[in-house]
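Peer 1: Using the UniProt record's numbering, read the sequence shown as starting at 1 and increasing by one per residue.
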Amino acid sequence: MVDISKIRAIDIHTHAEEPCGCHADDGYDDLQSTMATYFGAPWSHPPTIEQTAAHYREQNIAAVIFPVDAERETGYRRYKNEEVAALAAENDDVLIPFASIDPWKGKMGAREARRLIKDFGIKGFKFHPTMQGFYPNDRMAYELYEAIEENGGIALFHTGQTGVGSGMPGGNGMRLKYSNPMYMDDVAVDFPDMKIILAHPSFPWQEEALAVAQHKPNVYIDLSGWSPKYFPPILVKYCNSILKKKVLFGSDWPMITPERWLADFEKIDIKDALREDIIKGNAARLLGLT
Numbered sequence: 001m002v003d004i005s006k007i008r009a010i011d012i013h014t015h016a017e018e019p020c021g022c023h024a025d026d027g028y029d030d031l032q033s034t035m036a037t038y039f040g041a042p043w044s045h046p047p048t049i050e051q052t053a054a055h056y057r058e059q060n061i062a063a064v065i066f067p068v069d070a071e072r073e074t075g076y077r078r079y080k081n082e083e084v085a086a087l088a089a090e091n092d093d094v095l096i097p098f099a100s101i102d103p104w105k106g107k108m109g110a111r112e113a114r115r116l117i118k119d120f121g122i123k124g125f126k127f128h129p130t131m132q133g134f135y136p137n138d139r140m141a142y143e144l145y146e147a148i149e150e151n152g153g154i155a156l157f158h159t160g161q162t163g164v165g166s167g168m169p170g171g172n173g174m175r176l177k178y179s180n181p182m183y184m185d186d187v188a189v190d191f192p193d194m195k196i197i198l199a200h201p202s203f204p205w206q207e208e209a210l211a212v213a214q215h216k217p218n219v220y221i222d223l224s225g226w227s228p229k230y231f232p233p234i235l236v237k238y239c240n241s242i243l244k245k246k247v248l249f250g251s252d253w254p255m256i257t258p259e260r261w262l263a264d265f266e267k268i269d270i271k272d273a274l275r276e277d278i279i280k281g282n283a284a285r286l287l288g289l290t
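This is how it looks when you write it as structure tokens:
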């Protein structure tokens, strides 16, 4: 188990990837290499879970790690949740597993969520509306949300523009409209006991995300996917004030390394008294590690 007294930070947003070459036939490897170019990442194929654990152990940082189940919409085969959880369990000094289930799977997805929570100790679930092709407030997803809420799980949603498919013809079929954070307002109303994380500075809907997180007690924001030096001033203002207990460090590894994010975070105008909560304390409380 992660010992939060011994780590310097908790990265709430990292991606699990299989060994190189697993997806050459379905286009997934091409997608990843294009994203690496977009983010300026220094690799030709993303690190595996074992490599991720080694990197985070070296940095003395814990990480929430998850796959993305978007196989129905994209044709990219999913990395099985059970495999991700098993590898995370082998590295549980630094890794905390979340799962991902396409909400279009309906009752089957809800059943899988309950099993993963019960049998694998999964604490949360990652959703990517743009990759999975759904509006978060579409009621077809509600059975899955019900399973998460009733078991005390966390739901983490991609919001805003995405690097996935950026620069590829037609954006590789990715529709940005699904990831407007205002749709999360309905979800927060209908599932008030489910903790919700809005991932990323939500360009071009930053103010919508801030409004939802401020208004709804169960909504948080992670700061992944951007170097802090590019954060809009209004986001920094809210981090320093009314959302100081609801913003969370996230890198979006492997596109951005945690050490780069933390180094850039040191250079922006955040009150010193709030820094430890943003990079560690808020996430520790949300994850039930304190």
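For each residue, glycine too, the CB sits at the ideal point set by N, CA and C. Predicted model only: the values in this text are computed from it and were never measured.
State the Cα-Cα distance for the pair D277 and K244, rounded to the nearest angstrom.
Peer 2: So the two alpha carbons sit approximately 8 Å from each other.
Peer 1: Contact between the region 103-110 and the region 174-189: three or more CB pairs below 8 Å?
Peer 2: Short answer: they don't touch.
Peer 1: Do Q206 and P233 count as a contact pair if the criterion is CB distance below 8 Å?
Peer 2: No, these two residues do not count as a Cβ contact at 8 Å.
Peer 1: Give every residue of the same chain whose Cβ lies closer than 8 Å to the Cβ of L274, excluding the five residues on either side of it in the sequence, and list them in chain order.
Peer 2: Excluding sequence neighbours, L274 sits near C239, N240, K244.
Peer 1: Please go through the region 61-135 and give each complete beta strand (DSSP E) segment of 3 or more residues, from N-terminal end onward.
Peer 2: Taking only runs of at least 3 residues, the beta strand (DSSP E) segments lying wholly in the region 61-135 are 61-66, 95-97, 124-127.
Peer 1: So what's D3 in DSSP terms, helix, strand or just coil?
Peer 2: Looking at D3 - three-state DSSP - the assignment turns out to be coil, as it is neither helix nor strand.
Peer 1: I need the DSSP call for T257, collapsed to helix, strand or coil.
Peer 2: The answer is coil: DSSP assigns T257 none of H, G, I, E or B.
Peer 1: Mind checking N218: buried by the 16 CB within 10 Å criterion, or exposed?
Peer 2: Looking at its Cβ environment, which holds 16 or more other Cβ atoms inside 10 Å, N218 is buried.
Peer 1: DSSP beta-bridge partners for V219?
Peer 2: According to DSSP, which records beta bridges pairwise, V219 is partnered with I196.
Peer 1: Grab me the residues of G133's own chain with a C-beta within less than 6 Å of its C-beta, minus the 5 sequence neighbours each way, in chain order.
Peer 2: E73, listed in sequence order.
Peer 1: Cα separation between K6 and K280?
Peer 2: Answer to the nearest angstrom: the Cα atoms are 11 Å apart.
Peer 1: Determine the direct distance from the alpha carbon of L287 to that of K246, and round the result to whole angstroms.
Peer 2: In a straight line, the C-alpha of K246 is about 12 Å away from that of L287.
Peer 1: Tell me whether P228 is buried or exposed, calling it buried when 16 or more other Cβ atoms sit within 10 Å of its Cβ.
Peer 2: Label assigned to P228: buried.
Peer 1: With 16 other CB atoms within 10 Å as the buried threshold, where does I270 fall?
Peer 2: I270 is buried by the Cβ-count criterion.
Peer 1: Considering only residues of the same chain and omitting the five flanking positions on each side of V236, which have a CB-CB separation below 8 Å?
Peer 2: I268, D269, I270, listed in sequence order.
Peer 1: Three or more C-beta pairs closer than 8 Å, one from the region 154-161 and one from the region 196-212: is that the case here?
Peer 2: Enough Cβ pairs lie closer than 8 Å, so yes.
Peer 1: Excluding the 5 residues preceding and the 5 following E143 in the sequence, name in chain order all residues of the same chain whose CB lies nearer than 7 Å to its CB.
Peer 2: G106, K107, A110.
Peer 1: Output the distance between the C-alpha atoms of D252 and P97, rounded to the nearest integer angstrom.
Peer 2: The alpha-carbon atoms of D252 and P97 are separated by roughly 15 Å.
Peer 1: Please classify T52 as buried or exposed, where buried requires at least 16 neighbouring CB atoms within 10 angstroms.
Peer 2: By the neighbour-count rule (16 or more Cβ atoms within 10 Å), T52 is buried.
Peer 1: Where T14 and V164 are concerned, what is the direct C-alpha to C-alpha distance, given to the nearest angstrom?
Peer 2: Each residue's alpha carbon lies about 15 Å from the other.
Peer 1: Which residue's Cα is closest to the Cα of R77: V94, D185, I101?
Peer 2: Measuring from the Cα of R77, the nearest candidate turns out to be I101.
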